[in-house]
Amino acid sequence: MEVTGTHFNYYLICQRKLWLFASGINMEHTSEAVYEGKLIHETSYKQRSERFKEISTGGIKIDWFDTKQNVVHEIKKSDKREEAHIWQVKYYLYVLEQNGINASGLLEYPRLRKKEEVLLTTPDREYIKEATKKIEQIIAREQAPEKIKISRCRGCSYFDFCYSGEL
């Protein structure tokens, strides 16, 4: 299985969520938060559709790619998982680099009117190589990793799946 940007993001948030998603158990379609994020993606920056392209390559799907400036634009609803968002963009930059495209990234939070530049460094490349191996190992497991018991689970689209029947 080819590692995607979503796999990389989920790896940093919750390894159980990563395994469930990679195993074809999708709960995003029932999540209001995911729906709201899609609306933000579709309604923010409408003028970009003429200048930028949404592209898919090497297992990644980039929200907007500025082909003239070689900038990856990733749009997110909230900065609650900002570290995972940054690494998702770095993963996109890494995959593009592996395909001969040197680019930079811009992480955008339209509702917060916040933008953050994302660059790929040599230590980042090493981390991504190691993390990709770990992601592949998690995905190949026979059983899902144990659920994590932390407050961030309540907003997760897999919350009911993981915690049904528990108080």
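FYI, the numbering for the sequence shown is 1 to 167, going by UniProt numbering.
Built from N, CA and C at the ideal position, the CB exists for glycine as well.
The model shown is predicted, which means the values in this text are computed figures rather than measured ones.
Query raised in the report: On the premise that A131 lies in contact with Y10, defined as a C-beta separation below 8 angstroms, what is that separation, rounded to the nearest angstrom?
Result: Position 10 of the sequence shown holds residue 10. Position 131 of the sequence shown holds residue 131. Incorrect: roughly 11 angstroms between the Cβ atoms, too far for contact.
Report task. Could you pull out every residue in the same chain whose Cβ sits closer than 6 angstroms to the Cβ of G105, ignoring the five residues on either side in sequence? Result -> For the purposes of this step, residue 105 is identified with residue 105 of the sequence shown, where counting begins at 1. V72, V89, L93 and V118.
Query - DSSP beta-bridge partners of D66 - result: Within the sequence shown, the letter at position 66 stands for residue 66. D66 is bridged to V71.
Requested in this report: Taking only the alpha-carbon atoms, compute the straight-line gap between N26 and W19 and give it to the nearest angstrom.
Outcome: Position 26 of the sequence shown, counted from the first residue, corresponds to residue 26. Position 19 of the sequence shown, counted from the first residue, corresponds to residue 19. One C-alpha to the other measures close to 11 angstroms.
Query - Assigned secondary structure, I101 (DSSP; H/G/I helix, E/B strand, else coil) - result: Reading the sequence shown from its first residue, position 101 is the one you call residue 101. Here I101 sits in coil by DSSP.
Requested in this report: Measure the C-alpha to C-alpha separation of F8 and Y91 and round it to an integer number of angstroms.
Outcome: What you label residue 8 is simply residue 8 of the sequence shown in a count that begins at 1. What you label residue 91 is simply residue 91 of the sequence shown in a count that begins at 1. Their Cα atoms are separated by approximately 7 angstroms.
Requested in this report: Answer yes or no: do N99 and T57 have a C-beta to C-beta separation smaller than 8 angstroms?
Outcome: Within the sequence shown, the letter at position 99 stands for residue 99. Within the sequence shown, the letter at position 57 stands for residue 57. Yes, these two residues count as a Cβ contact at 8 angstroms.
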